[in-house]
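Chemist:
2 protein chains.
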Amino acid sequence: MQKDFLDELGELALGSRLKRLSEKVLSDAANIYQDFDVNVQPKWFTLLALLHRKLRVNVVEASEYLGLSQPAISQFCRQLADEGLVSFVTCEQDSRRKVLTLTPRGREEVNKMLPMWQAVQKAAEQLCREFENDFYRSLRKCEKALAEKSLQQRTAEAYNELYVRP
Amino acid sequence: MQKDFLDELGELALGSRLKRLSEKVLSDAANIYQDFDVNVQPKWFTLLALLHRKLRVNVVEASEYLGLSQPAISQFCRQLADEGLVSFVTCEQDSRRKVLTLTPRGREEVNKMLPMWQAVQKAAEQLCREFENDFYRSLRKCEKALAEKSLQQRTAEAYNELYVRP
DNA sequence: CATTTTAACATAAGTAGTTATATAAACACT
DNA sequence: AGTGTTTATATAACTACTTATGTTAAAATG
Chain A
0 MQKDFLDELG ELALGSRLKR LSEKVLSDAA NIYQDFDVNV QPKWFTLLAL LHRKLRVNVV
60 EASEYLGLSQ PAISQFCRQL ADEGLVSFVT CEQDSRRKVL TLTPRGREEV NKMLPMWQAV
120 QKAAEQLCRE FENDFYRSLR KCEKALAEKS LQQRTAEAYN ELYVRP
Chain B
0 MQKDFLDELG ELALGSRLKR LSEKVLSDAA NIYQDFDVNV QPKWFTLLAL LHRKLRVNVV
60 EASEYLGLSQ PAISQFCRQL ADEGLVSFVT CEQDSRRKVL TLTPRGREEV NKMLPMWQAV
120 QKAAEQLCRE FENDFYRSLR KCEKALAEKS LQQRTAEAYN ELYVRP
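Protein sequences, first through last, are from chains A and B. So the first sequence is numbered by numbering that gives the first Met the number 0: it starts at 0 and just counts up by one. So the second sequence is numbered by numbering that gives the first Met the number 0: it starts at 0 and just counts up by one.
Shown next as structure tokens:
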């Protein structure tokens with residue numbers, strides 16, 4: 000008795016399959032944070048890592064770097080400020096901009112997370128290379144291919160080939 | 000000026016990367032539905048396809064087949080019933096169960112969608128095979144590998160190797 | 001067969017974001 | 001300098017689910 004209908008749908012359910020896997024990985028990540036007694040929310044991870052690396056970024060910049068919406072960063076930013084991990088000052092040259100930085104406590108928390116990140120990195124790297132072809136590399140290639148031509152356009156073309164000009 | 004921080008994070012951000020790609024694919028799918036003037040919501044897709052294939056399933060069964068929560072199916076089911084696409088009757092052998100089926104209109108709508116699905120299938124299949132290795136196959140392998148040993152456990156092991164027993 | 005446990009479904013509340021919209025600052029043009 | 005347009009951020013409302021919980025029916029057990 001097979002109970003995974005996505006297997007039957009195959010590539011047609013590519014999106015659903017990707018979503019399901021991403022949720023599995025992200026929920027595992029949340030558990031890992033718990034294992035390591037890290038009291039920051041997993042959803043803040045990419046923003047914290049960005050601030051660790053870049054030191055100073057404003058809201059729109061962060062949203063571009065991370066591929067999230069501007070309101071998402073705005074919200075995370077408030078939450079992180081409430082936690083005392085991030086502070087922000089109005090940009091001097093342009094008072095519309097809000098420049099984010101880690102607070103000393105934020106830097107401390109990130110430093111405590113670094114060994115955990117190293118371990119996740121190693122585990123994920125090994126996972127992706129477990130098969131004959133590197134999954135992470137395929138993933139990036141797929142992203143790139145879709146950026147060049149969307150699934151929407153590919154589908155329109157496939158439809159033409161199948162039904163209009165067969 | 001590179002603006003994708005996930006590239007810098009590499010495998011550490013595997014979950015975020017998968018999520019971003021799944022959202023891209025699913026939002027493309029929504030656009031495709033629009034292109035084809037199909038007036039059913041993309042989120043119903045897997046359930047409609049399941050009912051098309053299996054004819055009769057109950058709520059819990061559907062949630063298992065699709066990997067969604069039972070309340071999710073419950074909600075979709077109500078929405079689809081409101082649209083007149085799905086009907087349900089109480090199971091005779093077990094009055095707790097609700098057996099879902101497509102209505103005649105539901106079957107009609109699904110039949111209208113079949114050519115579109117064929118086109119998506121073809122486009123997605125070509126996309127996945129565009130590279131030297133089949134992305135969809137890697138994806139399934141990765142799922143399977145994680146089902147056998149979670150990223151959480153892999154990370155614990157990697158941590159030991161890196162810091163405890165180096 | 002009375003009672004506890006388990007299973008199926010519905011409903012409520014919560015979450016991690018999104019899109020839409022408002023506000024205010026900066027810029028471009030006259 | 002005044003006016004219209006664009007940009008940065010905040011806020012509100014929405015979405016597609018989730019977890020938690022309640023209700024009722026079925027099954028298991030003493």
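Virtual Cβ for every residue (Gly too), placed ideally from N, Cα, C. Nothing here was measured: the structure is a model prediction, and the numbers come from that model.
1) I'd like to know if the stretch 136 to 156 of chain B and the stretch 121 to 135 of chain A are in contact, where contact means that at least 3 CB-CB pairs between them fall below 8 Å.
2) In terms of residues, what are the limits of the beta strand (DSSP E) holding S86/A?
3) Contact check, V85/A vs G105/A under 8 Å by CB: the rounded distance?
4) Compare the C-alpha of A48/A against each of K23/B, D3/B, E142/B and name the closest.
5) Which chain B residues are close to G14/A, counting only those with a beta carbon under 7 Å from its beta carbon?
6) Determine which residues of the stretch 111 to 129 of chain B have a Cβ less than 8 Å from any Cβ of chain A, and write them out in chain order.
7) Is it buried or exposed, E131/B, if we count other Cβ atoms within 10 angstroms and call 16 or more buried?
8) Under DSSP, the beta strand (DSSP E) around K42/B begins and ends at which residues?
9) Alpha carbons only, please: which of Q152/B, A144/B, W116/B is nearest the one belonging to E10/A?
10) Please check the pair L138/B and R136/A, which I expect to be a contact at CB under 8 Å, by giving their CB distance rounded to whole angstroms.
11) Look at the alpha carbon of A71/A and the alpha carbon of V58/A, and state the distance between them as a whole number of angstroms.
12) Could you tell me whether the Cβ atoms of L101/A and V109/A are closer together than 8 Å?
13) Under 8 Å, do V56/A and T154/B count as touching if we go by C-beta distance?
14) When DSSP labels each residue in this structure, what does V37/B get in the three-state scheme?
15) For N132/A, which three-state DSSP category applies?
16) Can you tell me which of D27/B, A61/B, L5/B, Q40/B puts its alpha carbon nearest to the alpha carbon of E63/A?
17) Name the DSSP bridge partner or partners of L46/B?
18) Assuming contact is defined by CB atoms lying nearer than 8 Å, are S21/A and K18/B in contact in what I supplied?
19) For I31/B, tell me which candidate among Q152/A, A12/A, Y162/A, S94/A has the shortest Cα-Cα distance.
20) Which residues in chain A sit within 7 Å of N132/B, going by Cβ to Cβ distance?
21) Just to confirm my understanding: we take P41/B, look at its own chain, exclude 5 residues before and 5 after, and list those with CB closer than 6 Å. What are they?
22) Kindly indicate if chain A contains any beta-carbon less than 8 Å away from that of C141/B.
23) What are the partner residues of V98/A, as DSSP defines its beta bridges?
Modeler: Answer, in terms of the structure:
1) Contact holds: three or more Cβ-Cβ distances are below 8 Å.
2) 85 to 89
3) 6 Å
4) D3/B
5) S21, V24, L25, A28
6) P114, M115, W116, Q117, A118, V119, Q120, K121, A122, A123, E124, Q125, L126, C127, E129
7) Exposed, because fewer than 16 other Cβ atoms sit within 10 Å of the Cβ of E131/B.
8) Segment: none, K42/B is in no beta strand (DSSP E) and carries neither H nor E.
9) W116/B
10) 13 Å between Cβ atoms; not a contact.
11) 9 Å
12) yes
13) For V56/A and T154/B, no; Cβs fall outside 8 Å.
14) coil
15) It is coil, neither helix nor strand.
16) L5/B
17) None, per the DSSP bridge assignment.
18) K18/B sits close to S21/A, with the two beta carbons spaced by under 8 Å.
19) Q152/A
20) N132, S137
21) A28, A29, Y32
22) yes
23) N57/A, V88/A
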